[in-house]
Amino acid sequence: MSVIHITANGDTGQLLQLVRSAIDGEIAKLELGLELARKRLFPFEQKYGVSSGHFAAEMTAEDLTGGDDEYVRWAGEYLLMERLQTKLQRLQEVEYSDAALLQSNQIPG
1 MSVIHITANG
11 DTGQLLQLVR
21 SAIDGEIAKL
31 ELGLELARKR
41 LFPFEQKYGV
51 SSGHFAAEMT
61 AEDLTGGDDE
71 YVRWAGEYLL
81 MERLQTKLQR
91 LQEVEYSDAA
101 LLQSNQIPG
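With my numbering, letter number 84 in the sequence shown gets 84, and the count goes up by one each step, no holes.
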């Protein structure tokens with residue numbers, strides 16, 4: 001879990017909402033990117049009857065009819081999907097707190 005403490009001159013609530021909105025927008029982009037990556041992985045998984053995780057752990061270019069080109073495309077798409085998942089998970093774990101409220105003990109920290 002990551003916690004973001006917001007401190008601002010003026011209305012901290014507005015800034016907190018802006019940060020939250022920006023992170024929510026990034027989450028939406030990552031979710032779309034993940035959906036597209038999964039759609040691009042699906043033909044490989046169907047063709048070879050294995051998950052992309054199995055492919056990454058167990059297979060080599062020699063195992064694929066498309067050789068190096070197919071291996072690089074599948075591996076690259078799988079690595080992209082993993083990076084997107086990691087970023088998405090990190091952003092979904094973010095918790096927000098208003099530092100001014102924390103300092104005045106109005107909310108638990």
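Cβ coordinates follow ideal geometry from the N, Cα and C atoms, glycine included.
Terminal residues of the continuous alpha helix (DSSP H) containing residue i?
{"i": "residue 52", "result": "52–58"}
{"i": "residue 28", "result": "12–48"}
In this structure, does DSSP put residue i in helix, strand or coil?
{"i": "residue 93", "result": "coil"}
{"i": "residue 109", "result": "For residue 109, the predicted model reports a pLDDT of 46, less than 50, meaning its position is unreliable; a value from the coordinates is still stated below. The answer is coil: DSSP assigns residue 109 none of H, G, I, E or B."}
Using only the alpha-carbon positions, how far apart do residue i and residue j sit?
{"i": "residue 19", "j": "residue 77", "result": "30 Å"}
{"i": "residue 55", "j": "residue 16", "result": "42 Å"}
{"i": "residue 52", "j": "residue 35", "result": "14 Å"}
{"i": "residue 127", "j": "residue 97", "result": "The structure shown does not extend to residue 127, since the chain is modelled only from 1 through 109, so no value can be given for it."}
{"i": "residue 40", "j": "residue 10", "result": "47 Å"}
{"i": "residue 4", "j": "residue 14", "result": "15 Å"}
{"i": "residue 49", "j": "residue 60", "result": "15 Å"}
{"i": "residue 6", "j": "residue 91", "result": "16 Å"}
{"i": "residue 80", "j": "residue 63", "result": "21 Å"}
{"i": "residue 28", "j": "residue 84", "result": "11 Å"}
{"i": "residue 93", "j": "residue 30", "result": "14 Å"}
{"i": "residue 42", "j": "residue 2", "result": "33 Å"}
{"i": "residue 38", "j": "residue 86", "result": "15 Å"}
{"i": "residue 73", "j": "residue 88", "result": "22 Å"}
Using 8 Å as the threshold, is the segment 65–74 in touch with the segment 20–32, meaning 3 or more CB pairs across them? no
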